[in-house]
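If you count the sequence shown from 1, position 279 lands on 279 in UniProt numbering, and the numbers rise without skipping.
Backbone N, C-alpha and C fix where the C-beta goes; we use that ideal spot for every residue, glycine too.
Keep in mind it's a predicted model, so treat the numbers as computed, not measured.
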Amino acid sequence: MDETDEARSFDGDQSAPEAKEIYLLMKKEYRISRNIRATWYFNHLNTTMTFVPPVSLSDLSSEELIVLSVIPEKSYVTFQPGKEHSFKLTTRTKVIFMSTQYRIAFALDLSPSVSSLDLCSGRVLWDDVYTSLKNCLTGLVQPFCSPGSDLALTPSLYVTVVAYTPLIACRNNFVLCQGVLVTRKNLKTILGELHRMLKEFENAVSKHFASLVTLQMNSHELSEVTSLNDIPSVDTRSRRSKLDEQKVEELISKPEHGFVNVLRFGILALQLLPENASAGIAVVTDGMVGLPDASMFEALVAQLRNSTIACSFLHIGCSHHSNLSFGRVPHTELMKFIATATFGGYFAVSPSVKNSGNELNVYHKAFFLWSFQKGLTGFEVPDTGLNCRQDHTSGRPSWVGRLLTHPVTNQEINVAPMVRKKHKEVNLQTTISGVLSLRLREGYTIKEVNLIKGESQIEVRLLLPWREYARIEYIATASWPLSPNKRYTRVEIIIEGSYDFLHEMTCTDKRPSKSPFRTAHVKKYWQSLQNLMQTDQLLVHLHSFSSNAVNYTVPKTLKNGLPLLPAEYSLQQDPSLNELIKFWNPIASLDINIWQKWMHTHRIGIILRHDTPLKKYLHTPNSNGYFQSVHCYKAMTALNNMLKHWCTFVLMENHSNLTYMYIKFNNSDSDKPPSTFYILRVTSKPPCLVLRLAFLGGTAGHERHAVVAELREEILKLKLPRGPHKSSGLRLSLERRKQVQGIPLDLTNQKEDDLSSAKPSKMSTQLNRKQTTEVKCCVVLSKPVEKILIRYERVPHDLSVVDDPAREIPRHTSDAAEKASRSVAAMFNTMSRYLYHRRWIWSIQHGRVPLMPTPMVGRMLSTLAKIRTQEGFHFALTTIGIVNMVLEVEMKSDNSFIKRTPRLGYEGEDENDESHTSSTCVVQYILFPPNAKNTRGSISEDEMEECELAESDGELQIVTECWVEPQHGLSVNNPLERKHLNGLTYQEIASSASEIEIILNSMTGTHANVVSFIGHETQLAKTCWGKRKRNRDGTCAQCCLSGTCACGMCKDFRARSLPVPPGLALVRVAHKIHHFERGCCQYRLTGLRAGGT
1 MDETDEARSF DGDQSAPEAK EIYLLMKKEY RISRNIRATW YFNHLNTTMT
51 FVPPVSLSDL SSEELIVLSV IPEKSYVTFQ PGKEHSFKLT TRTKVIFMST
101 QYRIAFALDL SPSVSSLDLC SGRVLWDDVY TSLKNCLTGL VQPFCSPGSD
151 LALTPSLYVT VVAYTPLIAC RNNFVLCQGV LVTRKNLKTI LGELHRMLKE
201 FENAVSKHFA SLVTLQMNSH ELSEVTSLND IPSVDTRSRR SKLDEQKVEE
251 LISKPEHGFV NVLRFGILAL QLLPENASAG IAVVTDGMVG LPDASMFEAL
301 VAQLRNSTIA CSFLHIGCSH HSNLSFGRVP HTELMKFIAT ATFGGYFAVS
351 PSVKNSGNEL NVYHKAFFLW SFQKGLTGFE VPDTGLNCRQ DHTSGRPSWV
401 GRLLTHPVTN QEINVAPMVR KKHKEVNLQT TISGVLSLRL REGYTIKEVN
451 LIKGESQIEV RLLLPWREYA RIEYIATASW PLSPNKRYTR VEIIIEGSYD
501 FLHEMTCTDK RPSKSPFRTA HVKKYWQSLQ NLMQTDQLLV HLHSFSSNAV
551 NYTVPKTLKN GLPLLPAEYS LQQDPSLNEL IKFWNPIASL DINIWQKWMH
601 THRIGIILRH DTPLKKYLHT PNSNGYFQSV HCYKAMTALN NMLKHWCTFV
651 LMENHSNLTY MYIKFNNSDS DKPPSTFYIL RVTSKPPCLV LRLAFLGGTA
701 GHERHAVVAE LREEILKLKL PRGPHKSSGL RLSLERRKQV QGIPLDLTNQ
751 KEDDLSSAKP SKMSTQLNRK QTTEVKCCVV LSKPVEKILI RYERVPHDLS
801 VVDDPAREIP RHTSDAAEKA SRSVAAMFNT MSRYLYHRRW IWSIQHGRVP
851 LMPTPMVGRM LSTLAKIRTQ EGFHFALTTI GIVNMVLEVE MKSDNSFIKR
901 TPRLGYEGED ENDESHTSST CVVQYILFPP NAKNTRGSIS EDEMEECELA
951 ESDGELQIVT ECWVEPQHGL SVNNPLERKH LNGLTYQEIA SSASEIEIIL
1001 NSMTGTHANV VSFIGHETQL AKTCWGKRKR NRDGTCAQCC LSGTCACGMC
1051 KDFRARSLPV PPGLALVRVA HKIHHFERGC CQYRLTGLRA GGT
């Protein structure tokens, strides 16, 4: 038969052809986990399926996984679009998954080695950073068609670009852009902005690096001077002390820490992007990185695997070259291993992509396509250039490949062959689906699937790339076809690695290794094997839930609200709970950081409403020097009561709750036993809480998301009673009051009569009369605020700079306390370089003026806090007088950087345009306690003895700061209280926080100084003569000079009008000028001074 006669279209009536590749499109509403992908594969394995090749996107179904196209095993078989066809999925079929939206964080490794010259190309590596970023983004935004289909796809691509430098002295913001929806329309504009910002970052790095080089040169000169002369000079000693204070090694982090920090910044950036999108990190680096220690590396790779983050590397510069020097040899093996272990890709070179129709390019294959086989061999783009004469398959010099090639067979000789050794074989009383779900979450990938013993059993071989020199193979065998009632799986574990590595592991009577590096890695490998057994035992324990009625039978005492744990208390109330406690106690004590191994995890972030009225000593200390905190007992009680009624029973009071799920969703009245369950745990400390839900592995995705959505709605329905306000003076912010009452914004040149004649409008009258009887119990957040919440353990010593808190850790502390403090300091350093920061220092009392009372300063801070709460801020954290308030602002972005108008936000904005995307931006506003900046260090001891100061000789400051998430877009849809934020970028939002502070601090500061001055009139008269003699009534007993104080009264009295901010009534303020004996020192009420960092 001719081949043209054989070419035909197979439909459902004919024999189904075998599929070679299947391309699936994942649902957009929520992210499809690896467990759901594997479940779909095994449910359809060795079966015949039907599908209709879609013609347009509207033809796609609403299923979680949609068959987009099929490549048959036989090339002459074709599938026509719009008609129903059938195919068979076999063990040889490769299933490839695609998503409709992606989130990628580009981490630019701008270490000092990037400033070197590439010997292959003759260019500075810094220029190649932008080129690689440009080529990658250009390739990703190109539309493409899946093989076997003519349907063009353009997934949504959310991009964050972070530039990292190990220079500790460089305090520039590392985020170049965040949350930008990149398309073909706005790509050119975005690349131009990124190029400009990268140039500015380069100038900042070069400036700080130049100071580092200068310091190193000074240190070298100092060492030479010291070696020539044992007794250094005074100048040398001063220089030495300066160098001791600022050591060279403290100015730049180590290469091992730098590599870990690059990935941590990438993980943090992904957590702030849409969670429904598939995640990936693209590291642009020259490969000059150090390998971190075994524990840190294991934790880092585990975090990437558990979060399903594909880590890819865009390598710049040559991989190997004979003229490389100064130790600048790239760690190519490390990058390839991480890319393979996390289902990413390795680019030895970032090629430019030309428009070749709708075919898949290399960037699409590396970032958009996901398959189980990708974790075996990885995805690599070799360097096709001839400058370095490299072996394109391995990235090493070509002469190395020729030496390792057999002279006859022309095949490469494996110098260190991989040795396999059987480690253990066990039987698990659970289904193979649960075993595969657990292993896939730990980073294992499917190596091979076989139907053995006459297709009565299925054998699944899983592989974990533990290191580039060691792997773990996990073989699971069970009966076929799969059934939830067949709870028996035979497991075999095989370790695979080089001979010397396995020899160190298995030979216990040999001499211990002298290398701490090898010893640590061998120890970690043993721990990984032991964790396999422990996690399998807990898996069997979890999946035995529905097999025994004792595990899910709820006694009457638990239905009445008695918590099951702690066991001592519950057993006293009901001794029959012993068996139930044995089953649920290991589950209740699980760490939330490892929940995802056995369960599907979800989170709901909330902020509770604070109790009113606020504490008196919230901003200022009490008589004992202690601060009070913000409490939210009422909101917490309402939330716990709601969760108690929501769940089946309480595991731990105000901590963990348990809910049963039945085959018929939300039909708990059924007589059938529950099919599964989920745990709800309250984490973090109030007011900022996180509700974490953990569903047992295998729970359907639509059921899980329905539960989460319903719980979120119930939380939003919670209300708290609130009485009417006693005063409406602070109900509206000043900006809002001026808009509502019809007062113009610019009142600088208006007179007092004009202000008094302004009458309030009807709208303001209605707002003042409106009394809300109920308020929301809590606010649900869309971003993980607990990840980026700024935490201070103490007030910084120098508020003029943002310094490393690790330098202020007190000495002689315990190891646990020091470790916790350093962890908080490391998180603060990360946030200080990621978030946009502005700090304002307001001087409310300067020089030798009367001491302002502490309650009056606290009232000023309390007023600021009340205004922020009316604008929508919520208390998130209070520590030793430091108050952190949080607000989420809606940001809107479109496909281009369009010029905006102040009111509309965008010019030519189309509401029906799907390219516009909405996100939120987290704004943190922090109030510090009053800061007294003392200047007595500049006064000599003789002067201190001669002059006794009753007033403060320093400067009293109010310090506030604003941390804003660098979210791309403009603020929109703000309520009336913060209407002034509409159309502002995140930088402008931070700057606008000081506008109301200028008005408020000018008014309250002036009033406080006047009241303080008048109240201290007698004290001023007493102290004007220092230690001179005084009468019993407090007046001066000395003979008074002309024009000085007499009888406690001021002879010189002047009055004038102070300049007032726009919108405030003019006030007549008296200035008292006291002429003292020494000189002509005058006290005056000075205006406020503001400084920003």
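- If you look at S800, you'll find it isn't in any beta strand (DSSP E); DSSP assigns it neither H nor E.
- In this structure the stretch 170-184 does not touch the stretch 120-136; the number of beta carbon pairs closer than 8 Å is below three.
- Residue environment for Q142: buried (at least 16 other C-beta atoms within 10 angstroms of its C-beta).
- Cα atoms of S115 and V923: separation of roughly 35 Å, rounded to the nearest angstrom.
- Taking Q101 as the centre and dropping the five residues before and after it, the same chain places the C-beta of K28, P155, S156, L157, Y158, P274, N276, A277, S278 closer than 8 Å to its C-beta, in chain order.
- In terms of Cα proximity to R103, the closest of T863, C311, H315, P382 is C311.
- Between I996 and I844, the CB-CB gap reaches or exceeds 7 Å.
- Here the alpha carbons of R791 and G1005 stand approximately 28 Å from one another.
- H331 carries a coil assignment under DSSP once its states are collapsed to helix, strand and coil.
- Look at the beta carbons and you see the stretch 459-477 not touching the stretch 56-73: under three pairs across the two are nearer than 8 Å.
- Residue environment: M860 is assigned as buried (16 or more neighbouring CB atoms within 10 Å of its CB, all protein chains considered).
- The Cβ-Cβ distance between P17 and V55 does not fall below 7 Å.
- For M49, the enclosing beta strand (DSSP E) has its first and last residue at 47-51.
- The residues T91, E459, in chain order, have a CB closer than 7 Å to that of N450 in the same chain once the five nearest residues on each side in sequence are set aside.
- Taking the CA atoms as reference points, K424 sits about 5 Å from I493.
- Counting only the Cα atoms, T138 lies some 15 Å from E193.
- In the structure shown, R681 falls within a strand segment according to DSSP collapsed to helix, strand and coil.
- Boundaries of the alpha helix (DSSP H) harbouring Y363: 362-367, taken from the DSSP string.
- The three-state reading of DSSP puts R490 in strand, counting E and B together.
- For S832, same chain residues with a beta-carbon under 6 Å away, outside a window of 5 residues either side, are V802 in chain order.
- Counting along the chain, E473 sits inside the beta strand (DSSP E) bounded by residues 470-479.
- In this chain, the alpha helix (DSSP H) harbouring N551 covers 549-552.
- Looking only at G317, N306, W840, the smallest Cα-Cα distance to R439 is reached by N306.
- Here T431 is buried: its Cβ has 16 or more other Cβ atoms, across all protein chains shown, within 10 Å.
- DSSP places S918 in the strand class (E or B) of the three-state scheme.
- Here F873 carries a coil assignment [DSSP, helix/strand/coil].
- In this structure, L57 lies away from L25, with their beta-carbon atoms at least 7 Å apart.
- Annotation: W840 to F265 spans about 27 Å, alpha carbon to alpha carbon.
- Taking the Cα of D127 as reference, the smallest distance to any Cα among L562, D286, S99 is reached at D286.
- Contact between the stretch 608-620 and the stretch 686-705 is established, with three or more Cβ pairs separated by less than 8 Å.
- For S86, the three-state secondary structure derived from DSSP is strand.
- Here the stretch 633-643 makes no contact with the stretch 536-554; the two share fewer than three CB pairs at distances below 8 Å.
- Counting of Cβ neighbours within 10 angstroms places F367 among the buried residues, the total reaching 16 or more.
- In the three-state reduction of the DSSP assignment, V353 falls in the coil class.
- For Y41, the enclosing alpha helix (DSSP H) has its first and last residue at 34-43.
- Taking every protein chain shown into account, the CB of F517 has fewer than 16 other CB atoms within 10 angstroms, so this residue is exposed.
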